[in-house]
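2 protein chains.
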Amino acid sequence: MRFFPTLLAASLMLATGAAAAANGDTVIPAAAVQTATQLRDKAMGDDTGYKIVQSLTTEVGPRLAGSPADPRGREWAIAKFKELGFDKVYTEPVTYPLWERRSEHATIVAPFPQPLMLTALGYSAGTPQGGLTAQVVKFDSLDALKNADAATVKGKIIYIGFRMQRHKDGHDYGMGSAVRTQGPVIASRLGAAGFLLRSAGTDEHSRTPHTGVTGFTDPKDAIPAAALSNPDADQLERVLAYGKPVMVKLDLDVGFHGSYTGANVIGEITGRKHPDQVVAIGGHLDSWDPGTGAIDDGAGVAIAMAAGKLIRDLPQRPDRTIRVIAFANEEMGLWGGRAYAQKHAAEAGKHQLGTESDFGAGKVWRMSASVKPQARGAIEQIAKVLEPIGVAYDPQRPGGGGSDLSQMHGKGMAALSLTQDGTYYFDYHHNANDTLDKIDPREMAQNVAVYAAFSYMAAQAQGDFGSAPGAFAKDGAED
Amino acid sequence: MRFFPTLLAASLMLATGAAAAANGDTVIPAAAVQTATQLRDKAMGDDTGYKIVQSLTTEVGPRLAGSPADPRGREWAIAKFKELGFDKVYTEPVTYPLWERRSEHATIVAPFPQPLMLTALGYSAGTPQGGLTAQVVKFDSLDALKNADAATVKGKIIYIGFRMQRHKDGHDYGMGSAVRTQGPVIASRLGAAGFLLRSAGTDEHSRTPHTGVTGFTDPKDAIPAAALSNPDADQLERVLAYGKPVMVKLDLDVGFHGSYTGANVIGEITGRKHPDQVVAIGGHLDSWDPGTGAIDDGAGVAIAMAAGKLIRDLPQRPDRTIRVIAFANEEMGLWGGRAYAQKHAAEAGKHQLGTESDFGAGKVWRMSASVKPQARGAIEQIAKVLEPIGVAYDPQRPGGGGSDLSQMHGKGMAALSLTQDGTYYFDYHHNANDTLDKIDPREMAQNVAVYAAFSYMAAQAQGDFGSAPGAFAKDGAED
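Taken in sequence, the protein lines are chains A and Z. Those letters in the first sequence? Residues 1 to 479, by my numbering. Those letters in the second sequence? Residues 1001 to 1479, by my numbering.
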């Protein structure tokens, strides 16, 4: 009900075909709405996105940032943009610390000797030659660890067993990722020898531990840190419940190895009227190494590339440029997103509207936006086109721009959030099961439809969405 | 309907309380049926079985035959039988070839370099130092490989992609295990360098490859043989579909290492009247090493142990002995079962009735028997007690005695088959996901109820079930 007057106003404007500029409101012309609707419907039955993610995950496979697969991923992206007919394809360098995983093993040494399945966390230290054996001490929560007496932690392997539950919006990852990023740092500060957590994942029956980055920013602070699969965490807890000292041996051959320069790979459909004004969409090209990075984030790259390709196939180029960015090294700390935002901060005002897909390939079910008030009507026009394919508009929430593009939003780019159904995302996220078979081609197509339709409408809007340096620096923390 | 006359006869006998011996039919006295019914109902609400499998999988974990965990498993079984109050606990030696798994890795070398997740198969050869790299050649079926020209196979890594589907009776494992056991042998004979299969498992989305034994009986014939997880098999097939030569590197540090002597561990509840006559039940104590052997076959050991324990807790011992056997090394070829049958062949006539649980912990839904015609009425009496807990009697099917006890059935022991619901069994069978969380304590309890009730009735039967040397040598191949 509260939106009715605005929607009515927008409808009236559309009905009369009037330009919006008169009252300062941004509006999307009726012809653009019609073309976006056709794009949407075409995309719903199109498999371009699925074919792109199939190509990436098959021909490149896992793409750990800085690994030998990293340049192969970049070459793939450059070639794919060209094959899809993008007008301009280029790269921008991204430099970050190189972290390598060579091997990882663990065993319970006592009281019940047996192997444990785990995966080292990003920026974890390696263990000494021959491994590290220490007693495991369990903490019930991150807060309990924060409040721990250093004497109980010193020289021990700390374990925290926070258990994530499945939710459509994946909100348990808030705590799951907090345990993973902050836990090792706190444990290190208190003198722990190592850190283990129950995987930040919802696949409670699968022996596929979930990796992910820690909060270590300086190699000197890093200690060995790893995630147990859910069944292995159950097993460790059962063993601990016998009340005997539990000794675990960690053997992690991982660690920092200087720095590495990769690149964001960018493809553009050049705007016909305003080539310097861009609608920025994308995903991240790197992935964690246990899986092939299908849902995280081959899907995001493919959704954005496919949306660009469908717009490119229109009879003429859109008014503004569609910029598709395949970001480098999102996983270890938004390195690609930060590099992009730093390089393009001064051009925030040229970024019409932006958002990144980085939450799998489940259907988009919610849209929200951070735009200037005068652009709210245009956002509602976009919402109206997306509503028939299952996207509900929530005007109360900010739009964050997604993971890497949150950084550009922080510089003042107006941003959407296009929230995907993440019910099962954390079953596969950051583990070996992140493979192509987890993607439903029809859900993938719905995502492409959303991105194609919104990007085209943003590119054709009369008036802008309020991007300007610093304009949205305070919100957008959602992602 | 077809069973009515016999059931009626049995009911009349029970009603009159008459002994059956008069007409030569075996019959279970009414008091025994009543006690068995009470045992059944008690077992349905009892967690002894679940606690036993929890203890085994937690305190011992994986139990690969001949590995350092093998003697720990035996010590556990001896201690558990004693703790449960069995009257007699002893071991019988079992000798078999020792096969070891140290590490296993594989990568696609060309055209798209990336790792593959696989597991070496039992009795596989190791690869040379530095690994084995060869071209992969795909065959559509085992038959296609059998009919292959040696020239197309020589020096290649053969791949067969048979895909198992879920079925309650798990019948796709017939072909799945045939590919796994026969495929490597045929490939070796044709001069292949190695053999790969799509895992004989139904977990199509899990990167947990399923191991299992091959048909190699002589180390000299063995070639490297391994199973890809289902998603890895999908990936290899996608890569093959590009039509370019696909080179794979196998690095399997596994192989034969002399011989090993383990043992079957046996616990008995001694019969009050006929201590030398036994009802033989059991499971196998060894497991494959990727998981903790919860459903295969910690569950079977626990079901049989718990059934014995519940019978032991009755006010007096049963007439005949309940013999619970925890078999050694079932996985690499029924070594424990064959040793038992060889040692006890002459005592087949003393084995009243037997069956082993080795198909997980899903509910028992079907019973069948191989007994003498005069014991059919007693089997129907057993069926009548089990029917209220979901077990349907199929008089048309033979009873096989289960995996290891099929060997004793082959020597003439009368046998049951108590078929469990195996719909999800092959999701977890022989892979890392075979862990305690896959067992539903209530389904486990139903299994214990079935084993306790039938074992007790068999122990109390007036008359026998027809066991005699050679009596059932021809059937029982079902398991």
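Ideal Cβ positions, reconstructed from N, Cα and C, are used throughout, including at glycine.
**OP:** List the residues that DSSP assigns as beta-bridge partners of Z:Y1393.
**Re:** Note: Z:Y1393 sits in a beta bridge opposite Z:M1367.
Margin query: By the DSSP assignment, the beta strand (DSSP E) with Z:V1153 in it spans what residues?
Written below: Z:V1153 -> not in any beta strand (DSSP E); alpha helix (DSSP H) instead, spanning A1150 to V1153.
Name the chain D residues that come within less than 7 Å of Z:R1238, Cβ to Cβ? No chain D is part of this structure, whose protein chains are labelled A and Z.
message: Can you look up Z:M1247 in the DSSP assignment and give me helix, strand or coil?
response: Correct three-state label for Z:M1247: strand.
* State the beta-bridge partners of Z:G1335 as determined by DSSP. => Per the sequence shown, residue 1335 of chain Z should be read as Trp rather than Gly. According to DSSP, Z:W1335 bridges with nothing at all.
- Query: In chain order, which beta strand (DSSP E) runs of at least 3 residues are fully inside the stretch 1149-1228 of chain Z?
  - Reply: Runs found: 1157-1160, 1194-1198 and 1225-1228.
*Where does Z:T1133 sit, in a helix, a strand or coil, going by DSSP?*
Z:T1133 falls in the strand class under three-state DSSP.
| Among A:G300, A:A120 and A:E443, which has the Cα closest to the Cα of A:F517? | No answer is possible for residue 517 of chain A: the residues shown for chain A start at 1 and end at 479.
Check whether the Cβ of Z:I1158 lies closer than 9 Å to any Cβ atom in chain A.
No, Z:I1158 does not count as interfacial toward chain A.
**Prompt:** Who does A:Q114 pair with in a DSSP beta bridge?
**Reply:** Note: A:Q114 sits in a beta bridge opposite A:I108.
Query raised in the report: What does a CB cutoff of less than 8 Å around Z:Q1420 pick up in its chain, not counting 5 residues either side in sequence?
Result: Cβ neighbours of Z:Q1420 beyond the five flanking positions: S1357, F1359, G1360, A1361, G1362, K1363, V1364, W1365 and N1447.
Looking at the C-beta of Z:S1287, does it have a partner C-beta in chain A at a distance below 9 Å? Judged by the 9 Å Cβ criterion, Z:S1287 is not in contact with chain A.
Separation of Z:N1433 from Z:N1230, as counted between CA atoms:
Computed Cα separation, rounded: 14 Å.
Below 8 Å on the Cβ atoms is my contact criterion, and I expect Z:A1459 with Z:P1318 to pass it. Report the Cβ-Cβ distance as a whole number of Å. 4 Å between Cβ atoms; contact.
Short CB-CB distance (under 9 Å) between A:L436 and chain Z = Under the 9 Å criterion on CB atoms, A:L436 is classed as interfacial with respect to chain Z.
How would you label Z:D1464, buried or exposed, when you count the other beta carbons within 10 angstroms and need 16 or more for buried?
Classification of Z:D1464: buried, given that the 10 Å Cβ count is 16 or more.
- If you follow the alpha helix (DSSP H) that Z:V1060 is part of, which residue opens it and which one closes it? Here Z:V1060 belongs to no alpha helix (DSSP H), and DSSP marks it neither H nor E.
Check: Given that a residue counts as buried once 16 or more other Cβ atoms are within 10 Å of its Cβ, and exposed if not, what is Z:D1286?
Finding: Classification of Z:D1286: buried, given that the 10 Å Cβ count is 16 or more.
_With H, G and I counted as helix, E and B as strand and the rest as coil, what does DSSP make of A:S467?_
Secondary structure at A:S467: coil, using DSSP grouped into helix, strand and coil.
Give a yes or no on contact between the stretch 1032-1042 of chain Z and the stretch 1254-1262 of chain Z, applying the rule of three or more CB pairs nearer than 8 Å.
Here the stretch 1032-1042 of chain Z does not lie against the stretch 1254-1262 of chain Z, with fewer than 3 beta-carbon pairs under 8 Å apart.
In DSSP terms, what A:F139 is bridged to = Bridge partners of A:F139: A:I160.
query = Whose C-alpha, out of A:L228, A:A148 and A:D289, is nearest the C-alpha of A:R180?
reply = Comparing Cα-Cα distances from A:R180 to each of A:L228, A:A148 and A:D289, the minimum goes to A:L228.
### Message
Can you give me the C-alpha to C-alpha distance between Z:F1472 and Z:P1029, rounded to a whole angstrom?
### Response
Going from the Cα of Z:F1472 to the Cα of Z:P1029 covers about 26 Å.
Contact set for A:G470: own chain, Cβ-Cβ below 7 Å, skip 5 residues either direction: Shown here for A:G470: same chain residues with a beta carbon closer than 7 Å to its own, the five before and five after excluded, namely G412 in chain order.
- Tell me where the beta strand (DSSP E) around A:D234 begins and ends. Boundaries for A:D234: no beta strand (DSSP E) harbours it, while the alpha helix (DSSP H) harbouring it runs N230 to L240, taken from the DSSP string.
Out of curiosity, what's the CA-to-CA distance linking A:D313 and Z:W1099? Straight-line Cα distance between these residues: approximately 60 Å.
Compute the Euclidean distance between the alpha carbons of Z:I1052 and Z:Y1123, then round it to the nearest angstrom.
For Z:I1052 and Z:Y1123, the distance between alpha carbons rounds to 30 Å.
>> Could you check whether the Cβ of A:Q114 sits closer than 9 Å to any Cβ belonging to chain Z?
In response: Interface criterion met: the Cβ of A:Q114 is under 9 Å from a Cβ in chain Z.
For this session: Answer yes or no: do A:A304 and A:I439 have a C-beta to C-beta separation smaller than 9 Å?
Result: Result no, Cβ atoms of A:A304 and A:I439 do not sit closer than 9 Å.
* Would you identify the three-state DSSP class for A:S455, choosing helix, strand or coil? => In the three-state reduction of the DSSP assignment, A:S455 falls in the helix class, which pools H, G and I.
Against chain A, with Cβ distances strictly below 9 Å, would Z:S1368 count as a contact?
No, Z:S1368 does not count as interfacial toward chain A.
- Query: Using a C-beta to C-beta distance shorter than 7 Å, which residues of chain A count as neighbours of Z:P1231?
  - Reply: Simply T435 and D437.
Is any beta-carbon of chain Z found at less than 9 Å from that of A:A69? True, the Cβ-Cβ gap to chain Z drops below 9 Å.
Since A:F374 is in the alpha helix (DSSP H), which residue starts that stretch and which ends it? Sequence inspection shows Gln at residue 374 of chain A; the Phe mentioned does not correspond to that position. Where A:Q374 is concerned, there is no enclosing alpha helix (DSSP H), given that its DSSP letter is neither H nor E.
- Query: Between the stretch 1188-1200 of chain Z and the stretch 1072-1084 of chain Z, do at least 3 Cβ pairs fall closer than 8 Å?
  - Reply: Judged by Cβ distances under 8 Å, the stretch 1188-1200 of chain Z makes no contact with the stretch 1072-1084 of chain Z, as fewer than three pairs qualify.
Check Z:F1327 in the structure and name its three-state DSSP category. Per DSSP, reduced to three states, the secondary structure at Z:F1327 is strand.
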